[in-house]
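Note sheet for the following structure.
What follows is the structure, encoded as structure tokens:
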């Protein structure tokens, strides 16, 4: 069975400092992995995805994530936080058939001015 | 959210009332999904449809029914709403190459 654990429910950073949102997955196959962002009272927007190509994946708005198979991790990073990054972030893993998806419980990012 | 629409955006029901949430896509994709989002629980799959005329249960199907009568539309019905169904409901489609989900804007449902 596949599952996703987001290690922090809340992360708070100062504007201009690095962001690290942690995600570990469990899977018996090589999954596809995704990060989505949800701004307050909005829908979900795809930030980036890993699909067995390059292990370092670049997404929108300066975010990137590195797939580490040995650590079963897919952490999301950004070098310098911006106020507009304040949102909820979800890590997602695909099923082995690729047609179902399992969400983490989310990490709420606060950016302090 | 371009290409996936949901109606209504907001709804308040009394316990025991019924309603249907509508989802439509204009991108001609086969797979469509219904999720609910509750605080601290991420998104949980209610039902999905791999193609027109087929539906399958997800993680939390109890209290819901779905209908996929054509490729474009996937509806979610609450026959007798309960307060535990207060949630935000998202519809999604699956776009291939590689398979990635794209979400509608959501429906915020409150059951009193």
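Residue numbers (the numbering used here), protein chains in the order written: chain A, 3 to 115; chain B, 11 to 122.
C-beta: ideal position from N, C-alpha, C; glycine also.
- For residue 111 of chain B, the closest Cβ of chain A is nearer than 7 Å.
- Within the region 56-87 of chain B, the complete beta strand (DSSP E) segments at least 3 residues long are 64-67, 75-77, listed from N- to C-terminus.
- One finds 101 in chain A with Cβ atoms closer than 7 Å to the Cβ of residue 60 of chain B, taken in chain order.
- Distance from the CA of residue 90 of chain A to the CA of residue 40 of chain A, rounded to the nearest whole angstrom, comes to 5 Å.
- Contact check for residue 95 of chain A against residue 104 of chain A passes: the beta carbons are separated by less than 7 Å.
- Counting only Cβ-Cβ distances below 8 Å, residue 71 of chain B has no contacts in chain A at all, with the closest Cβ about 13 Å away.
- In the same chain as residue 20 of chain A, and ignoring 5 residues on each side of it, the C-beta atoms closer than 8 Å to its own belong to 79, 80, 81, 82, 83, in chain order.
- Our two residues, residue 72 of chain B and residue 28 of chain A, have alpha carbons roughly 26 Å apart in a direct line.
- Using a Cβ-Cβ cut-off of 9 Å, residue 37 of chain B is close to nothing in chain A; its nearest Cβ partner there is about 14 Å away.
- Using beta-carbon distances, residue 51 of chain A counts as an interface residue toward chain B, with a partner under 7 Å.
- By the neighbour-count criterion, in which 16 or more other beta carbons inside 10 Å mark a residue as buried, residue 76 of chain A falls on the buried side.
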